[in-house]
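If you read the protein sequences in the order shown, they are chains Z and W.
Take 1 as the starting number for the first sequence in my numbering and just add one per residue.
Take 115 as the starting number for the second sequence in my numbering and just add one per residue.
Note that CB positions come from ideal geometry on N, CA and C, so glycine has one too.
These numbers come from a predicted model, not from an experiment.
Have a look at the structure below, then the notes.
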Amino acid sequence: EPEVTQTPSHQVTQMGQEVILRCVPISNHLYFYWYRQILGQKVEFLVSFYNNEISEKSEIFDDQFSVERPDGSNFTLKIRSTKLEDSAMYFCASSWTVSGNTIYFGEGSWLTVV
Amino acid sequence: DAKTTQPPSMDCAEGRAANLPCNHSTISGNEYVYWYRQIHSQGPQYIIHGLKNNETNEMASLIITEDRKSSTLILPHATLRDTAVYYCIVRVEAAGNKLTFGGGTRVLVKP
């Protein structure tokens with residue numbers, strides 16, 4: 001069964017450092033998403049991406065965040081200057097083929113900022 | 115998106131059916147009911163969705179009331195591996211529409 005894959009599974013970074021989280025969405029999906037979940041809290045929407053541009057973003061997705069589809073398979077989330085409060089699980093997701101619009105999630109990348 | 119209301123937690127006996135309720139009294143005519151679950155800290159896993167007819171797949175059944183103001187997810191034979199947080203979400207079935215997660219129901223399957 002096709003799945004969304006994410007790397008790394010866990011990353012520890014120093015406050016102020018840049019981090020790039022990588023995702024390979026399901027092949028032939030056209031919409032891509034990033035969500036995050038701070039420990040013990042709800043899963044929160046960050047951004048959706050379609051046709052090489054952001055289609056929607058939340059208030060959380062401020063100027064320190066950016067997304068990119070650098071090639072035909074990868075989808076990345078960059079955090080420019082990490083803060084302690086960026087520590088969370090980050091989930092990539094994808095959706096939409098001609099046969100359905102269900103969103104499928106990856107297993108997540110756990111980011112710890114120290 | 116309309117909001118949903120779910121009990122914060124429930125227990126279920128292994129091997130028995132688990133019936134998870136969800137209220138969505140303000141659901142719009144073009145909004146589907148989606149169910150996802152999250153096992154421990156893994157990524158949310160899609161279970162099932164429906165508009166107004168009852169739906170069944172290999173994981174679960176979804177029963178939607180005739181007025182569409184509530185629904186029930188049924189896990190027919192709960193196993194210990196079904197212990198998870200279950201999310202009921204209403205969402206317009208349009209390309210690119212996001213999911214908005216609430217607190218869900220924390221289901222504990224007991225031996």
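Is there a C-beta anywhere in chain W that falls below 8 Å from the one on residue i?
| i | result |
| --- | --- |
| Asn-74(Z) | no |
| Met-89(Z) | yes |
| Gly-40(Z) | no |
| Ile-60(Z) | no |
| Val-114(Z) | no |
| Thr-102(Z) | yes |
| Phe-105(Z) | yes |
| Phe-65(Z) | no |
| Val-12(Z) | no |
Would the beta-carbon of residue i fall within 8 Å of that of residue j?
| i | j | result |
| --- | --- | --- |
| Ala-131(W) | Leu-189(W) | yes |
| Cys-92(Z) | Gly-106(Z) | yes |
| Ser-195(Z) | Ile-103(Z) | Within the shown structure, residues of chain Z are numbered from 1 to 114, placing residue 195(Z) beyond reach of any answer. |
| Phe-45(Z) | Val-67(Z) | no |
| Asn-168(W) | Ile-178(W) | yes |
| Val-121(Z) | Phe-61(Z) | With chain Z represented from 1 up to 114, any question about residue 121(Z) goes unanswered, as that position is not in the structure. |
| Ser-123(W) | Thr-197(W) | no |
| Asn-58(W) | Lys-166(W) | For chain W, the structure presents residues 115 to 225; residue 58(W) sits outside this window and is missing. |
| Gly-216(W) | Gln-120(W) | yes |
| Gln-6(Z) | Leu-21(Z) | yes |
For residue i, does the count of other Cβ atoms within 10 angstroms reach 16, so buried, or fall short, so exposed?
| i | result |
| --- | --- |
| Lys-212(W) | buried |
| Leu-39(Z) | exposed |
| Arg-205(W) | buried |
| Asp-86(Z) | buried |
| Met-89(Z) | buried |
| Gly-157(W) | buried |
| Thr-112(Z) | exposed |
| Leu-222(W) | exposed |
| His-163(W) | buried |
| Leu-194(W) | exposed |
| Glu-1(Z) | exposed |
Would you say residue i reaches chain Z, if we count a Cβ-Cβ gap shorter than 8 Å as a contact?
| i | result |
| --- | --- |
| Leu-213(W) | yes |
| Tyr-200(W) | no |
| Gln-156(W) | yes |
| Glu-207(W) | yes |
| His-163(W) | yes |
| Gly-216(W) | yes |
| Gly-210(W) | yes |
Quick check: what's the CA-CA separation for residue i versus residue j?
| i | j | result |
| --- | --- | --- |
| Pro-8(Z) | Glu-180(W) | 45 Å |
| Arg-69(Z) | Trp-149(W) | 29 Å |
| Met-173(W) | Ile-26(Z) | 21 Å |
| Lys-57(Z) | Phe-65(Z) | 10 Å |
| Asp-63(Z) | Lys-83(Z) | 13 Å |
| Ser-175(W) | Asn-133(W) | 10 Å |
| Thr-13(Z) | Cys-23(Z) | 19 Å |
| Thr-214(W) | Gly-129(W) | 31 Å |
| Tyr-201(W) | Ser-81(Z) | 32 Å |
Quick one: which residues of the region 20-37 of chain Z get their C-beta closer than 9 Å to a C-beta of chain W? List them in chain order. From the region 20-37 of chain Z, only Leu-30, Tyr-31, Tyr-33, Tyr-35 and Gln-37 have a Cβ closer than 9 Å to chain W.
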